[in-house]
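In our numbering, the protein residues as written are 6 to 493.
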């Protein structure tokens, strides 16, 4: 690598930084963006796309070379490796550095939250591949869909822009040549998901409040201005970025966390290269971030075993990965291959529409079934926001109807969401193996099998929840003093 290449990379990041700053400004000033809760990275990305050479051609206002656009398209796949790798870091630790546990009442709710959210991802995959099969067999040969078309729905909806931006890297690693088009389609679904999810979510909150379905919110209220604009000028209300676990005379806390994350990525690349030498195709086909997650689980377990939990602060880690995600998102959108995506416009629109409706019905109906009378709406709304956008989208929707997070919805869903990473170590190699060589029907079949497995887990957790409830009732009854009780 030469100095010129590094300078080019720095300039590429400088343009993306400008787009992020412009997106931040527009979010703070434009009411529509505030009402949709659009992240600055999404706004900035579309500014770069609409006013850049991809859309405007020779008349582009933002003039960048094709080499820079190529760099932008590759950037999400690189940045997503440390983002995914960092997920296990800090698991099973609380803010004071001690391991956390789940009581008998909490565990079933966490399992139900995990099962339902995982089932949504599988359901979206079924809809995606089902759309592919429908247009392939009933489209009269008009639509030439590639065999993995449909994978992008779940990647964009439940995965969000970060995962959508990694689709290209995943498919490229599997030797699939249309990876750039698939990444563009995934980013499109992620954008539609986050906008549609927020609009429908706010409407659902207002309807639920009027019908008395919300536990905390008794009537629809205004969203706080600071939340809508994306900033607060009141210094006393500005949150903390996390604990300083190290003295800066030795090393900055952010530097330590970043070094640990990048070190895990380095070990993952080394492990991947080593396993490739075995000649076993299954090892070579797995994306590097799966190895990175496995290694980071080991690092995290070692820190807990050695009682070095105090070194890690999950808020600091989240800020670092959040910054990487912002750059990944703005780069993915600004480099979106519009012409290639438009070639799939009709099946893409059908897939996204059916996916949105099915996700809504499943989320709210299933939460009524499995969490009836136990903050079912609050649990559903955070799941809905996350299943159509990202975790922060779900948290923002929940905050509207549960401003202080008084319900257990956030805690249970967060722990259930964490279990996705653990289960992914088992399901992802299988899913990617089928994705690499399997037909559209085999991908659809696998998604259906996973959906059934997750629903069985959810049902079993529901049975546990009822069992604990029945055991609790006699205990509560026994707490009532009787006339013959001496109290000794």
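Note that CB positions come from ideal geometry on N, CA and C, so glycine has one too.
Predicted, not measured: the structure shown is a model, and the values here were computed from it.
Paired residues, beta bridge with residue i - DSSP
i, result
"residue 396", "According to DSSP, which records beta bridges pairwise, residue 396 is partnered with nothing at all."
Residue i and residue j closer than 8 Å at C-beta
i, j, result
"residue 135", "residue 449", "yes"
"residue 187", "residue 337", "no"
"residue 27", "residue 49", "yes"
"residue 128", "residue 376", "no"
"residue 334", "residue 167", "yes"
"residue 56", "residue 65", "yes"
"residue 329", "residue 84", "yes"
"residue 3", "residue 94", "The chain is shown from 6 up to 493; residue 3 falls before or after that span and cannot be answered."
"residue 307", "residue 316", "no"
"residue 258", "residue 325", "no"
"residue 81", "residue 178", "no"
"residue 386", "residue 403", "yes"
"residue 415", "residue 113", "no"
"residue 412", "residue 221", "yes"
"residue 463", "residue 124", "yes"
"residue 362", "residue 389", "no"
"residue 122", "residue 332", "no"
"residue 162", "residue 436", "no"
"residue 439", "residue 341", "no"
"residue 138", "residue 352", "no"
"residue 38", "residue 31", "yes"
Range covered by the alpha helix (DSSP H) that runs through residue i
i, result
"residue 32", "8-34"
"residue 234", "230-234"
"residue 177", "165-178"
"residue 73", "71-90"
"residue 300", "293-310"
"residue 157", "156-162"
"residue 372", "350-375"
"residue 184", "184-215"
"residue 139", "111-143"
"residue 65", "Counting along the chain, residue 65 falls outside any alpha helix (DSSP H), and DSSP gives it neither H nor E."
"residue 274", "258-281"
"residue 430", "414-442"
"residue 52", "45-55"
"residue 329", "319-339"
"residue 218", "Note, residue 218: premise wrong, no alpha helix (DSSP H); not H, not E."
"residue 344", "343-347"
Neighbour-count burial assignment, residue i, 16 or more Cβ in a 10 Å radius
i, result
"residue 300", "buried"
"residue 407", "buried"
"residue 59", "buried"
"residue 442", "exposed"
"residue 11", "exposed"
"residue 104", "With a pLDDT of only 42 at residue 104, under 50, the local geometry of the prediction cannot be trusted, and no value is derived from it."
"residue 343", "exposed"
"residue 282", "exposed"
"residue 172", "buried"
"residue 146", "exposed"
"residue 298", "buried"
"residue 252", "exposed"
"residue 212", "exposed"
"residue 108", "Here residue 108 scores only 46 on pLDDT, less than 50, and its place in the model should not be relied on; the value that follows carries that caveat. That one is exposed."
"residue 144", "exposed"
"residue 278", "exposed"
"residue 91", "buried"
"residue 347", "exposed"
"residue 185", "buried"
"residue 142", "exposed"
"residue 174", "buried"
"residue 9", "exposed"
"residue 264", "exposed"
"residue 153", "buried"
"residue 75", "exposed"
"residue 371", "buried"
"residue 189", "buried"
Closer than 8 Å to chain B by CB, residue i
i, result
"residue 369", "This model lacks chain B altogether, as it is built from one protein chain only."
Indicate whether the contact test is met: 3 or more Cβ pairs, each with one atom in the region 111-121 and one in the region 193-206, closer than 8 Å.
-> No, the region 111-121 is not in contact with the region 193-206.
Does the region 352-366 come within contact of the region 151-170, defined as at least 3 CB pairs closer than 8 Å?
-> Output reads yes: the region 151-170 touches the region 352-366.
Does the region 181-200 touch the region 382-400, meaning 3 or more C-beta pairs lie closer than 8 Å?
-> Yes: the two stretches touch, three or more of their Cβ pairs being nearer than 8 Å.
Would you call the region 306-316 and the region 15-34 touching, i.e. three or more CB-CB distances under 8 Å?
-> No, because fewer than three Cβ pairs between the region 306-316 and the region 15-34 fall closer than 8 Å, the two stretches do not touch.
Can you find at least 3 beta carbon pairs, one from the region 66-79 and one from the region 237-253, that sit closer than 8 Å?
-> The region 66-79 is not in contact with the region 237-253.
Counting Cβ pairs closer than 8 Å, one from the region 228-237 and one from the region 427-436, do we hit at least three?
-> Using a Cβ-Cβ distance cut-off of 8 Å, the region 228-237 and the region 427-436 are not in contact, since fewer than three pairs of beta carbons, one from each stretch, lie closer than that value.
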